[in-house]
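A quick write-up on the structure given underneath.
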Amino acid sequence: MAVGGAALRRQGVGASAELRGRCITARGPCCGCLVRVAADSLAVQAGADGGFVLPVPTPPEGRRCDLEILARGFATVELAVAVTIGDVVDLGDVCVPDGLDLRLLVVDDEGLPVAGRFELCRTARGDEGAVRARTRFVVTSDANGRATVSGLLDGATWSLRCLDPILTVIQPCGAWSLVGRGGNATIEVRAARVAADAMLTGTVLDDIGAPVAGATVHALTAADAIVATATCDEDGAFVLVRPAAVPDEVQLAVPDVTGFERYRDARLLRWGSFGWRLWLRRAAARAFVVVAADSGAPVERFVLCWTVAAAGPAGPRQGRSGPGPHPRGLALVGGVPAEPASVEVLVDERSDFAGSGAIAMTAVPGGRAQTIALRARRDLLVTVIDSDGAPIAGSRVALRRGDEPCGEAATDDDGRARLRAGGGDEELVVSARGPHVPMQRTVLPWRREVVFVVPRGAGVTGAVEPPAVLAALRVGAGGALALGLGPRVRLRALAPVAVADVVVDVAADGSFAVANLPAGFWQLEFEAHTFAPGGALVKHRTAPVALDLPAGGSRAVTVDIAAIAPAAIAATVTRDGRPEAGVELQLLRFPDELSGTSEHSGLGRTDASGVLLLSGLPPGRYRVKSAVVGAASGTFLLQAGECRSAVIELGR
Numbered sequence: 133m134a135v136g137g138a139a140l141r142r143q144g145v146g147a148s149a150e151l152r153g154r155c156i157t158a159r160g161p162c163c164g165c166l167v168r169v170a171a172d173s174l175a176v177q178a179g180a181d182g183g184f185v186l187p188v189p190t191p192p193e194g195r196r197c198d199l200e201i202l203a204r205g206f207a208t209v210e211l212a213v214a215v216t217i218g219d220v221v222d223l224g225d226v227c228v229p230d231g232l233d234l235r236l237l238v239v240d241d242e243g244l245p246v247a248g249r250f251e252l253c254r255t256a257r258g259d260e261g262a263v264r265a266r267t268r269f270v271v272t273s274d275a276n277g278r279a280t281v282s283g284l285l286d287g288a289t290w291s292l293r294c295l296d297p298i299l300t301v302i303q304p305c306g307a308w309s310l311v312g313r314g315g316n317a318t319i320e321v322r323a324a325r326v327a328a329d330a331m332l333t334g335t336v337l338d339d340i341g342a343p344v345a346g347a348t349v350h351a352l353t354a355a356d357a358i359v360a361t362a363t364c365d366e367d368g369a370f371v372l373v374r375p376a377a378v379p380d381e382v383q384l385a386v387p388d389v390t391g392f393e394r395y396r397d398a399r400l401l402r403w404g405s406f407g408w409r410l411w412l413r414r415a416a417a418r419a420f421v422v423v424a425a426d427s428g429a430p431v432e433r434f435v436l437c438w439t440v441a442a443a444g445p446a447g448p449r450q451g452r453s454g455p456g457p458h459p460r461g462l463a464l465v466g467g468v469p470a471e472p473a474s475v476e477v478l479v480d481e482r483s484d485f486a487g488s489g490a491i492a493m494t495a496v497p498g499g500r501a502q503t504i505a506l507r508a509r510r511d512l513l514v515t516v517i518d519s520d521g522a523p524i525a526g527s528r529v530a531l532r533r534g535d536e537p538c539g540e541a542a543t544d545d546d547g548r549a550r551l552r553a554g555g556g557d558e559e560l561v562v563s564a565r566g567p568h569v570p571m572q573r574t575v576l577p578w579r580r581e582v583v584f585v586v587p588r589g590a591g592v593t594g595a596v597e598p599p600a601v602l603a604a605l606r607v608g609a610g611g612a613l614a615l616g617l618g619p620r621v622r623l624r625a626l627a628p629v630a631v632a633d634v635v636v637d638v639a640a641d642g643s644f645a646v647a648n649l650p651a652g653f654w655q656l657e658f659e660a661h662t663f664a665p666g667g668a669l670v671k672h673r674t675a676p677v678a679l680d681l682p683a684g685g686s687r688a689v690t691v692d693i694a695a696i697a698p699a700a701i702a703a704t705v706t707r708d709g710r711p712e713a714g715v716e717l718q719l720l721r722f723p724d725e726l727s728g729t730s731e732h733s734g735l736g737r738t739d740a741s742g743v744l745l746l747s748g749l750p751p752g753r754y755r756v757k758s759a760v761v762g763a764a765s766g767t768f769l770l771q772a773g774e775c776r777s778a779v780i781e782l783g784r
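Counting in the working numbering, the sequence shown runs without a single skipped number right up to 784 at its last residue.
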C-alpha cells in the first residue's frame, strides 16, 4: 500500500495548500468515498475515477493534516500529511482495503444488557499489508447493550478493552480474528461490573471549586508504589479500581497538572469509599531579570527553563518561557511549584552571552524578581603547536559544554584559531593533523588565550610469520572474519600512557601498521579466532611483546605465531575392528594441567568411515570420548600445527 507521488511546492497560492490523490480498491477505483480532515469540517467526495482534490487552509508555519478516507464496505484509511502554504501534495494511488461492519451485543454474567464505552484495537500480526487501515475504534453500547462500528479491516486480528473503569471485558479475551460474511459480523461481549468494595471515587477541584479535567490520580502505598491510576473526566471525577493483593488503605496523589502544585493526600483511604474531594493549589508565578554580569545591562533574548527534580509518583517536571524578546530582561514564568526547583537561562549560539547553567530558584522577599547574571562571550585565541614549537595548521579545535558543542574552528598556517568562549566550564578538544597524537582534552580556565602543545606520535610496523600458519588461521576463522574477529594485532598501553587498546587487522600477506600512538610503554600481542567443532569460538593468542615507543619514532616488529598454529585431531571409532558411523563424540580440553579439570571444546558425529576430523584447535592437552557409550581415548598433548590420530574402540 505504498503512496505514490511527492509534494510539489509552489508559492503565492494564498494561505492554503492542496491535497490530491486517487482512491482505489482491489477491484478498481473507489468512487464516491469521502475524504476528510479528521476533527475538521473539510471534506470532499471522490469522483468516478476515485480522484479527489482537497484544499486545506494552512498557517504560515504549516500544519499536520490527519486525513480519513471512508467508504461503505471498505476499511477506514488514515493518512498523516505535513503541509505548508502553497504546497500541492500528490498522494498518488491510495489503496482502500475491504472492510466490514461489526455489531456488538454487550451483556453481563446474568445476560442483562450493559451500557459502556469500549475500544477496539487492531494488532499488527498478519496485517502488514494494510498498515494504513485504522487501528483503533471507540464504540459506546446503548441501554440495550447494542453498538455498531463501521470501517473495520476485514480479516484482521483485534482485541477489545473497556474504557469505563467500573467494567472489565471477560469475553472475548486476548486477540481474535474478525472475518465478515457479506460485509457484516456480530460478536457477543461479556462484561463484568467491578464490585463496590473494590472502588474508590472522588473529584479533583481547584482552589475555587472548579473541576480539574484530565488530571491523573494515583493510589499509592506507604512506600510510594503506584497500585492504581485513573484520569479525571470533564467534571473532575475519577474512579480507582483495586487490583488484587494490594493494601486495604492507600493514599491519593495528583502528581503533575500544569499550573498546579503537586498534591499528596495525607489521609489513609479505604477501598469501597466514595466522594472524596482533592483540592489542588495553583502554582505561583516567578519573575526573573536577566542582565549582563560585567555591565548590568538587560539581556532580552533568551529562554528560561525551570526544573523540579524531586522524586515521587510523577518524577521530574519542567517548564519554560517563550524565546523573547523580553523587554528590560524581565521574564515571568507561571506554574512553578512551591518545592525546590532550579532555573536555567538558554541562549542562541549567536548570542553575545553564554547560558547560565542550572542555578537554584530562590524566593525573593516582597515578590521581587530574581536576578540572573550572564557572562559575556569573549574571543578565545587557541594556538596549536607540536613539541618542537612548530605550528600545526589545519587542526580542528572545538569547544564543548557538557555534551553540547559551543563552537568549532580550524587553525591557520600559524597554528592559530579563534573561538567564541562563554565561561570556565567549556572543554577544549583538539584533533591535530600530521604525525601527531590525534586528540587531547583539557578543562579550559577563564582566559583569553591558550597554547595547546600536541606531542608527535609514535608508530609500529610489522609482519606476522610464518605465512602458512596465518593462512590456516584465516581459513579456520570462517564467519569470524565478517564479525571483525580475524587475525589482528592488539596494542595495550602501559604507564604512563592512559588510552584505550588499539586494535588493527593483519593483512593477508601478514603486514600491519599503526600510526599516531602516544609515546610510552606498550604491549603487543597477536590474536585470532577460529570455530571449534560444535560452533564454539576459540581464541588463539601469542604471548605479549613489550615495546618502548619514542615520540616521533617508529618500531618494526616481527611476530612469530608458529607456537599457536591450529592443530587437528582425526578421531576413528571402531567396534570389533570395523569403523562405526554416526557416533557422537565429545572433545575435552585440559587448560589447567595442575588441577586436572577439563572443559567441553566441541562435538560432532563420525562419518561413513567412522572418522571425525576436529580442526582449528589451539595446542594443549585433550581427550576424545563417546558421548553415549562412554568409551574414551587417553589424554594426549597436541602440539602446534600437529594432526593427531585417536582411536576409540566401542564395546559389544
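Heads up, the beta-carbon is just placed ideally off N, CA and C, and yes, glycines get one too.
In the three-state reduction of the DSSP assignment, residue 268 falls in the strand class, which pools E and B. Sequence-distant partners of residue 152 (beyond 5 residues in either direction) whose C-beta falls short of 6 Å from its own C-beta, in its chain, are 185, 222.
The three-state reading of DSSP puts residue 638 in coil, since its state is none of H, G, I, E or B.
Cβ contact annotation for residue 339 (same chain, cutoff 8 Å, sequence separation greater than five): 411, 412, 413, 414, in chain order. The DSSP-derived three-state label of residue 606 is helix. Straight across, the Cα-Cα distance linking residue 688 with residue 639 is about 16 Å.
Excluding its 5 nearest sequence neighbours in each direction, residue 523 has C-beta neighbours in its own chain below 6 Å: 517, 546, 547, listed in chain order. Inter-segment contact for the stretch 693–703 and the stretch 736–754 is present: three or more beta-carbon pairs are separated by less than 8 Å. Judged by DSSP secondary structure, residue 331 falls within the beta strand (DSSP E) whose first and last residues are 331–337. For residue 154, the closest C-alpha among the options 692, 581, 180 is that of 180. Here the alpha carbon of residue 363 sits roughly 39 Å from the alpha carbon of residue 461. Here DSSP, grouped into helix, strand and coil, assigns residue 696 to helix.
Pairing residue 250 with residue 301 gives a Cβ-Cβ distance under 9 Å. Comparing alpha carbon positions, the residue from 224, 526, 602 closest to residue 549 is 526. Annotated three-state conformation of residue 161 is strand, per DSSP. Distance check between residue 645 and each of 636, 651, 706, 397 places 636 closest, using alpha-carbon atoms only. Rounded to the nearest whole angstrom, the CA to CA distance from residue 310 to residue 229 is 14 Å. Of all alpha-carbon atoms in 452, 431, 428, the one lying nearest the alpha-carbon of residue 438 is that of 452.
The criterion of a C-beta distance shorter than 9 Å is satisfied by residue 231 and residue 265. Residue 267 sits away from residue 289, with the two beta carbons spaced by 9 Å or more. The residues 641, 642, in chain order, have a CB closer than 8 Å to that of residue 599 in the same chain once the five nearest residues on each side in sequence are set aside. Rounded to whole angstroms, residue 407 and residue 241 show a C-alpha spacing of 28 Å. Annotation for residue 200: the continuous beta strand (DSSP E) segment containing it runs 195–202.
Beta-bridge partners assigned by DSSP to residue 155: 226. In summary, residue 219 is buried, with 16 or more beta-carbon neighbours lying within 10 Å of its beta-carbon over all protein chains present.
According to the DSSP secondary-structure assignment, residue 701 is paired through a beta bridge with 746, 776. Contact between the stretch 477–492 and the stretch 422–433 is present, with at least three C-beta pairs closer than 8 Å.
CA-to-CA, the gap between residue 691 and residue 566 works out to about 28 Å. By the neighbour-count definition (other C-beta atoms within 10 Å, threshold 16), residue 512 is a buried residue.
Around residue 540, the same chain offers 530 as residues with beta carbons nearer than 6 Å, after the five sequence neighbours per side are excluded. Taking 9 Å as the cut-off, the beta carbon of residue 237 is found no closer than this to the beta carbon of residue 203.
Residue 190 is classed as buried because its beta carbon has at least 16 other beta carbons within 10 Å across all chains shown. Beta bridge pairing from DSSP links residue 458 with no other residue. The stretch 646–660 makes contact with the stretch 587–595; the number of CB pairs closer than 8 Å reaches 3 or more. Cβ contact annotation for residue 381 (same chain, cutoff 6 Å, sequence separation greater than five): 400, 402, in chain order. Within the DSSP secondary-structure output, residue 408 pairs in a beta bridge with 334.
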